[in-house]
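What follows is a single structure, written as structure tokens, with notes after it.
Number of protein chains: 4
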Amino acid sequence: MTGRVQTAVVGVTGYAGAELARLLLRHPRLHGAPPVFAGRVEEKDLARGGVPLVEIHPQLGGNGAGKLKLQPFSWELLAERGVEVLFQATPHDISREVVPIALSHGLRVIDLSGAWRLTHAANRAVYAFADEGSDQAAATQAQAAYGMPELHRAKIAGARLVANPGCYATSVILAVKPLAAAGLLDIDRGVIADAKSGVSGAGKAPTARTHFMYAADNLSAYGVFTHRHTGELLEQIGIAAEDIVFTPHLLPIPRGILSTIYVRFKQAQTRESVAGIYKEFFAGSPMVRFHEKTLPQIQYSVHTNYADIGFQLDASGRRAVIVSCLDNLLKGAAGQAVQNLNIMLDWPEAEGLE
Amino acid sequence: MTGRVQTAVVGVTGYAGAELARLLLRHPRLHGAPPVFAGRVEEKDLARGGVPLVEIHPQLGGNGAGKLKLQPFSWELLAERGVEVLFQATPHDISREVVPIALSHGLRVIDLSGAWRLTHAANRAVYAFADEGSDQAAATQAQAAYGMPELHRAKIAGARLVANPGCYATSVILAVKPLAAAGLLDIDRGVIADAKSGVSGAGKAPTARTHFMYAADNLSAYGVFTHRHTGELLEQIGIAAEDIVFTPHLLPIPRGILSTIYVRFKQAQTRESVAGIYKEFFAGSPMVRFHEKTLPQIQYSVHTNYADIGFQLDASGRRAVIVSCLDNLLKGAAGQAVQNLNIMLDWPEAEGLE
Amino acid sequence: MTGRVQTAVVGVTGYAGAELARLLLRHPRLHGAPPVFAGRVEEKDLARGGVPLVEIHPQLGGNGAGKLKLQPFSWELLAERGVEVLFQATPHDISREVVPIALSHGLRVIDLSGAWRLTHAANRAVYAFADEGSDQAAATQAQAAYGMPELHRAKIAGARLVANPGCYATSVILAVKPLAAAGLLDIDRGVIADAKSGVSGAGKAPTARTHFMYAADNLSAYGVFTHRHTGELLEQIGIAAEDIVFTPHLLPIPRGILSTIYVRFKQAQTRESVAGIYKEFFAGSPMVRFHEKTLPQIQYSVHTNYADIGFQLDASGRRAVIVSCLDNLLKGAAGQAVQNLNIMLDWPEAEGLE
Amino acid sequence: MTGRVQTAVVGVTGYAGAELARLLLRHPRLHGAPPVFAGRVEEKDLARGGVPLVEIHPQLGGNGAGKLKLQPFSWELLAERGVEVLFQATPHDISREVVPIALSHGLRVIDLSGAWRLTHAANRAVYAFADEGSDQAAATQAQAAYGMPELHRAKIAGARLVANPGCYATSVILAVKPLAAAGLLDIDRGVIADAKSGVSGAGKAPTARTHFMYAADNLSAYGVFTHRHTGELLEQIGIAAEDIVFTPHLLPIPRGILSTIYVRFKQAQTRESVAGIYKEFFAGSPMVRFHEKTLPQIQYSVHTNYADIGFQLDASGRRAVIVSCLDNLLKGAAGQAVQNLNIMLDWPEAEGLE
């Protein structure tokens with residue numbers, strides 16, 4: 000694909016949508032081709048052609064973005080504007096409906112929801128998709144590449160549908176997969192992933208849990224043994240449910256995830272042997288920063304498109320604590336989506352992300 | 000009034016309600032007489048006699064509070080339990096309806112809402128009370144004492160209805176009234192009250208403004224020239240609307256108010272002359288801490304029942320910046336309500352508040 | 000011990016010291032007998048007889064505390080004032096020096112530092128005490144009771160020296176000990192304690208780590224495999240170092256600890272069987288709130304003297320996630336110290352703590 | 000100046016330095032010409048040629064920045080590397096010493112400190128510069144342009160020394176200057192600037208005030224009637240000290256300033272008349288976003304290089320509250336510095352800033 004590429008974003012009103020807009024507007028290969036922003040527009044805003052983007056996200060306003068609008072969604076609009084790649088940043092049930100149609104219109108789709116990430120029906124059960132079991136859903140799922148470039152770069156490059164991973168899942172998989180793939184883990188002793196996320200991960204809807212008074216000066220565990228990102232861990236790491244515990248927590252910060260992961264090794268390792276595995280695994284991956292000597296913190300990653308990974312080995316060399324950080328809206332959502340765009344269009348993988 | 004006094008709280012589910020419950024449960028004069036908590040109870044909880052208080056406010060749970068319940072409200076319940084003093088911590092429209100009835104049942108009422116604070120109809124206009132202009136409303140208002148002990152201690156002692164002041168209003172009035180009453184202020188040059196409040200002041204309802212992502216890492220001004228606490232400032236300070244500007248801001252903290260107040264004096268003052276006025280004014284007031292040498296900060300006041308006041312004079316002695324802090328849920332609401340209770344029952348004013 | 004008891008606090012300037020002062024000042028059995036506050040006083044403050052407490056902790060100021068001062072420490076001062084119980088809230092190296100002398104003066108001591116918590120020299124190695132191996136140290140250690148009432152109530156009652164537990168240690172031990180004592184744990188599969196603490200746990204000294212810009216909007220793991228509270232876990236739970244991993248994290252909040260603890264059972268359990276063990280273990284323990292149906296959060300515990308514990312079982316009944324919360328300055332420090340005082344003086348254990 | 004331009008940054012270790020590095024590394028006109036980072040390097044790091052930038056600011060690490068180092072400062076280094084423009088992000092006393100030498104070496108300098116912002120000795124008195132009154136200092140000051148492009152664009156373009164404005168000063172001057180310049184203000188009635196800043200404004204040194212426990216969940220006023228940015232307000236707005244009060248506050252957030260400014264007009268204004276003045280004043284200024292209908296909030300501006308300004312008029316049209324927001328590290332420091340660089344080099348003013 001060469002020359003000017005037209006993108007569209009459905010779902011720009013959310014937090015990930017805002018970051019996606021920001022990244023696409025400043026992407027060097029998309030200069031002069033800002034995305035089409037489409038979605039539901041209220042009656043009263045139709046007369047003015049939609050809602051100015053700066054009214055939705057004032058921080059985006061500037062010379063360039065000043066005139067862009069969220070326009071009423073229609074397939075005609077996308078066709079007229081020559082959209083080739085669609086970012087779908089909507090709730091999963093909307094994505095289940097819309098994505099098959101988008102594919103039928105010949106669009107390539109990067110879907111940021113949980114709609115198309117899971118291969119196995121058992122793992123999808125927690126979502127209770129309305130179209131579960133339908134032929135169309137099966138056909139769509141069959142086309143989907145799991146959008147984690149560090150694991151599936153080649154498949155993403157050719158995919159028509161990329162299922163952008165969950166934020167927690169990205170954090171945990173990037174930390175565990177290299178060790179699992181190298182056969183180091185004593186899986187019988189289990190993997191524990193204790194993950195903590197900022198409040199933007201809970202979405203923009205005002206709820207009891209997203210109230211400032213609930214989240215601030217607090218920490219709470221939730222979704223213990225039941226969180227729906229678990230299926231992604233099982234499928235991508237290749238681990239059985241009984242061998243991993245994943246516990247998310249709500250952190251009193253706007254954004255960022257830190258996962259503390261506990262593993263045991265079959266055989267004693269050295270700092271160098273473990274580091275070597277990570278370095279080899281991420282050798283061609285510009286968006287993962289492996290920290291050989293220190294443990295990353297949330298501040299390393301927030302407002303960047305990187306995942307940061309480090310570890311500590313115990314004296315016996317048999318146990319390790321791995322710390323994995325990322326910005327849930329960037330490497331955990333919009334940044335990874337743009338990374339996937341770059342790969343799909345054969346552009347440098349880190350373009351517009353550094 | 001002697002011996003055991005039975006209180007009741009309507010509106011315990013809110014933030015001020017929680018603090019009120021905590022204060023009343025540990026009040027030395029109310030040992031053995033926990034308040035009756037009454038309000039709306041859902042169908043499903045009727046069978047178990049209401050909702051355990053610890054399910055509503057887990058931090059309150061302990062040996063004492065473990066068995067208390069929020070019971071379905073009825074006048075019969077209050078009568079059976081021998082309630083003498085009712086704390087009404089409900090939205091102002093509810094208080095407008097309920098308080099006249101409570102008075103007719105012979106209860107003494109401490110109302111924490113804005114329903115009965117304002118003497119002048121013009122100042123009440125911003126509330127648009129449904130019963131505005133009715134005889135009953137006028138008769139009720141006529142009985143109300145404005146519940147700021149530092150200004151109206153004697154009237155509160157004998158009142159059947161105490162209108163507990165607004166949190167912002169308490170903060171500003173306590174800072175300005177002593178200087179205004181002493182005739183120091185050059186009113187023509189205006190008074191500016193720049194006030195900042197934690198998010199609990201915005202209430203428990205999840206809204207766009209109380210969302211963690213809106214409030215955290217942010218500061219925003221609101222209600223500029225229109226905030227409904229303004230009327231309290233006008234009536235209690237005795238100042239015209241054109242001579243004061245009051246601007247509230249939403250602080251990214253759970254609780255606490257700091258008001259920065261700018262005044263000009265008719266004549267040059269000294270540090271001692273101004274301090275002397277404050278000290279005299281608050282001589283018999285245990286819940287105001289005047290700081291002669293330093294400016295208070297929000298941390299001085301939060302989780303206490305005190306208002307903290309200090310000031311800085313400029314070199315000319317003609318201008319002062321006054322800083323006034325309090326906990327919006329305590330001296331700005333529940334703490335002041337209990338202070339009023341103490342006065343109404345002729346108990347030591349600070350009982351249970353230190 | 001009956002009648003008026005005189006206490007003293009050395010180390011009131013720190014965060015735990017402030018809470019200790021607050022609790023002792025409002026303790027019903029100590030009315031009329033405020034603690035003697037003693038410590039290092041600068042030359043310039045000697046003339047005025049020490050530093051007013053309200054200058055050190057402005058939030059403590061009120062009618063009662065207004066006249067109290069931090070006085071220059073001397074054994075004569077304590078003797079003159081008839082001090083019987085000394086709270087030592089100083090760094091551990093100071094406590095190692097001072098506590099033996101205090102005991103020799105006939106004082107009973109509640110030491111809040113890490114100086115006297117550990118029985119085994121191997122576990123003390125991380126502190127590198129200067130007097131390690133001395134006869135005096137050994138004799139002092141031999142007198143020490145580990146001040147966790149839920150485990151050692153009887154011993155504390157008669158102790159002359161109570162070593163108040165570490166905040167993290169309290170959080171983890173209370174959660175794990177009941178299950179370990181009941182023989183439920185599959186120790187070979189390991190216990191993981193992923194703990195998160197507010198910044199007050201890091202002390203009052205301004206450092207790079209306690210800078211607002213480091214701690215805010217961040218989360219960081221530290222002391223992985225090396226934190227000095229680990230020894231308390233080993234000794235009190237009765238578990239070997241290779242069977243537990245304890246990882247502390249610095250939370251962007253002022254106070255509160257939440258520990259997420261992962262255990263495996265030898266045999267499948269039910270929700271009821273596990274709950275039964277906790278309820279039995281804590282039956283006579285007023286300062287632990289066991290939550291049968293929900294997981295506690297930090298907000299449940301902060302500004303209270305309670306530890307809050309809950310758990311979630313997986314479908315197999317073989318794995319559990321336990322969540323344990325407390326206020327690191329209260330049940331994790333000052334609150335537990337006062338609980339120990341109550342026990343030592345044969346007062347109701349929860350007196351002044353609810 | 001055409002072709003490749005080599006810049007240098009002295010003072011990259013601070014918060015503004017980190018942002019400056021980030022902006023310069025991604026500046027489109029500086030691709031292939033990363034800045035030289037120079038400063039004090041410890042003995043132990045000399046052997047490895049300085050300290051890798053990613054060890055100082057881990058969030059900056061990525062492919063590009065991976066190899067850059069903070070090198071030991073010397074004039075030879077700057078000469079060898081062909082540095083033409085020097086960003087001096089050091090404390091003001093260092094800038095007073097270094098900047099005259101830099102100018103003598105033919106460098107153009109953008110100084111981010113308070114060293115060269117003030118024309119009048121009286122306003123500089125608060126800094127107590129060691130070289131105050133010297134010929135060299137006078138000659139250097141005479142060359143300095145006050146680096147606020149919206150006021151002094153032409154002078155900046157030709158300047159050899161640009162004194163980058165203070166963060167608070169930028170916030171207040173941009174809000175007040177347009178109205179003052181248009182002759183609208185009733186100066187006799189005074190201007191009140193109540194400003195609030197995040198903690199990064201207090202610098203990187205760990206102090207009692209920058210401790211998390213001091214700043215978090217708090218708000219405090221400081222420097223009342225004495226803050227050293229006041230001189231910039233007087234000189235740039237053209238107002239006498241007795242006609243303005245500027246009160247800074249420390250906000251419990253990492254970054255961002257919001258100033259609430261109170262003015263009175265000589266004659267009644269309309270919303271349109273006031274808006275018209277702002278729009279005209281900022282017509283050619285890409286880095287100011289004037290909000291015609293809403294009041295900006297800190298979140299609008301943080302992590303952007305813009306200043307955001309809005310206002311509210313009272314019913315009489317005689318009083319206005321102006322709200323002015325910016326990111327103290329960007330438009331209040333590094334962003335404005337790069338804006339000045341663009342102007343000095345005749346590049347588009349907003350290049351690399353959107």
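Chains as they are written, first to last, in numbering that gives the first Met the number 0: chain A, 0 to 353; chain B, 0 to 353; chain C, 0 to 353; chain D, 0 to 353. Every residue gets a Cβ at the ideal spot worked out from N, C-alpha and C, and that includes glycine.
Within chain B, partners of residue i - CB distance below 7 Å
{"i": "G60(C)", "result": "R288"}
Extent of the continuous beta strand (DSSP E) run through residue i
{"i": "S196(D)", "result": "190 to 196"}
{"i": "K330(C)", "result": "Segment: none, K330(C) is in no beta strand (DSSP E) and carries neither H nor E."}
{"i": "K68(B)", "result": "68 to 71"}
{"i": "L312(C)", "result": "306 to 312"}
Partner residues on chain B for residue i, Cβ-Cβ distance less than 9 Å
{"i": "H302(C)", "result": "Q58, H302"}
{"i": "R318(D)", "result": "G189, F224, E241, V244"}
{"i": "S196(A)", "result": "Here the premise fails: no neighbours, minimum Cβ distance about 12 Å."}
Residues that residue i contacts on chain A, provided the C-beta gap is smaller than 8 Å
{"i": "P253(B)", "result": "F211, M212, A215, D216"}
Where residue i meets chain D, residues with beta-carbon distance less than 7 Å
{"i": "S103(C)", "result": "In chain order: nothing, as chain D lies at least about 36 Å away."}
{"i": "Q298(A)", "result": "Q58"}
Length of the line joining the Cα atoms of residue i and residue j
{"i": "L69(D)", "j": "G10(D)", "result": "9 Å"}
{"i": "A78(A)", "j": "V84(A)", "result": "11 Å"}
{"i": "H91(C)", "j": "T12(C)", "result": "15 Å"}
{"i": "D345(B)", "j": "V337(B)", "result": "12 Å"}
{"i": "V175(C)", "j": "T269(C)", "result": "17 Å"}
{"i": "T246(D)", "j": "A220(D)", "result": "7 Å"}
{"i": "E149(D)", "j": "D307(D)", "result": "13 Å"}
{"i": "A147(D)", "j": "K292(D)", "result": "Note that residue 147(D) corresponds to Met in the displayed sequence, not to Ala. Answer to the nearest angstrom: the Cα atoms are 25 Å apart."}
{"i": "I236(C)", "j": "L184(C)", "result": "11 Å"}
Contacts of residue i in chain C (Cβ-Cβ under 7 Å)
{"i": "Y305(B)", "result": "G61"}
Beta-carbon neighbours of residue i, restricted to chain D and to distances below 8 Å
{"i": "S219(C)", "result": "Correct list: empty, because the minimum Cβ distance to chain D is about 11 Å."}
Chain D contact residues for residue i, given Cβ-Cβ distances below 9 Å
{"i": "L294(B)", "result": "S219, A220, Y221, V223"}
Residue i, enclosing alpha helix (DSSP H) - first and last residue
{"i": "T169(D)", "result": "166 to 180"}
{"i": "D216(C)", "result": "Looking at the DSSP string, D216(C) is not in any alpha helix (DSSP H), and its letter there is neither H nor E."}
{"i": "T229(B)", "result": "229 to 232"}
{"i": "A379(D)", "result": "The first residue shown for chain D is 0 and the last is 353, placing residue 379(D) beyond what the model contains."}
Proximal chain A residues relative to residue i, where beta-carbon distance stays under 9 Å
{"i": "T206(B)", "result": "P205, H210"}
Under 7 Å from the C-beta of residue i: neighbouring residues of chain A
{"i": "D193(C)", "result": "D193, T259"}
Within-9 Å CB hit, residue i to chain G
{"i": "P33(C)", "result": "Any reference to chain G falls outside this structure, whose protein chains are A, B, C and D."}
At least 3 beta-carbon pairs within less than 8 Å: the stretch 319 to 328 of chain A vs the stretch 287 to 306 of chain A: yes
Runs of alpha helix (DSSP H) lying entirely within the stretch 249 to 285 of chain B, each at least 4 residues, in chain order: 270 to 280
Cβ contact check for the stretch 11 to 29 of chain C and the stretch 95 to 105 of chain C: 3 or more pairs under 8 Å: no
Given 8 Å, three or more beta-carbon pairs between the stretch 184 to 195 of chain A and the stretch 243 to 263 of chain A: yes
Touch test, the stretch 210 to 228 of chain A against the stretch 286 to 296 of chain A, Cβ-Cβ under 8 Å, three pairs minimum: no
Contact between the stretch 206 to 217 of chain D and the stretch 204 to 214 of chain C (3+ Cβ pairs under 8 Å): yes
Contact between the stretch 230 to 237 of chain D and the stretch 112 to 129 of chain D (3+ Cβ pairs under 8 Å): yes
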